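In my numbering, the protein residues as written are 20 to 172. Just so it is clear, CB atoms sit at the ideal spot from N, CA and C, and this is done for glycine as well. Keep in mind it's a predicted model, so treat the numbers as computed, not measured. For reference, the structure discussed in these notes is given below.
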């Protein structure tokens, strides 16, 4: 089997990565986060030694979203509230729920998006994020507790 080029890898995983990033940073910045994350991964010294490029890219996009989140949370919330329904990544989810999810940590948000909106099991989420299943379950439990607090107000 021949190795895939970076372009082939990007084309293979980019749609899933954009959908994942949309749940983390919103529809307006998702493509940029994925592109920046993939470029960062492809330029890294260890990229050639990566045995699971999909998990590596999910992890890189998660880290890129974390960086993005630090500086743009307020702007993203304004954009989410002003977005037309057809522009929302999850049109069947209440805006208040999306706003509450945006207040979670990046790891918790990633776990929630992949579990509840992408309908993945904790094992599948762990595989995509390159982390342990126990870590995913911990993030989900903390996210549910935080969401109860935020949505009960």
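DSSP, read as helix, strand or coil, puts residue 22 in coil.
Annotation for residue 55: 83 place their beta carbon closer than 7 Å to its own, counting only its chain and skipping 5 residues before and after. The continuous alpha helix (DSSP H) containing residue 54 extends over residues 49-62.
Rounded to whole angstroms, residue 44 and residue 167 show a C-alpha spacing of 21 Å.
Look at residue 79 here: in three-state DSSP terms it is helix. DSSP places residue 70 outside both helix and strand once states are collapsed to three, so it counts as coil. Taking a contact to require three or more Cβ pairs closer than 8 Å, the stretch 138-157 and the stretch 58-70 do not qualify as touching. CA-to-CA, the gap between residue 141 and residue 134 works out to about 7 Å. Of the other Cβ atoms in all chains shown, fewer than 16 fall within 10 Å of the Cβ of residue 24; this residue is therefore exposed. Segment contact: the stretch 22-39 against the stretch 71-81, three or more CB-CB distances shorter than 8 Å; contact assigned. Rounded to whole angstroms, the gap between the alpha carbons of residue 49 and residue 87 is 10 Å. Remark: C-beta atoms of residue 116 and residue 170 approach each other more closely than 8 Å.
Judged by beta-carbon spacing, residue 123 lies within the 8 Å limit of residue 131, meaning their Cβ atoms are closer than that value.
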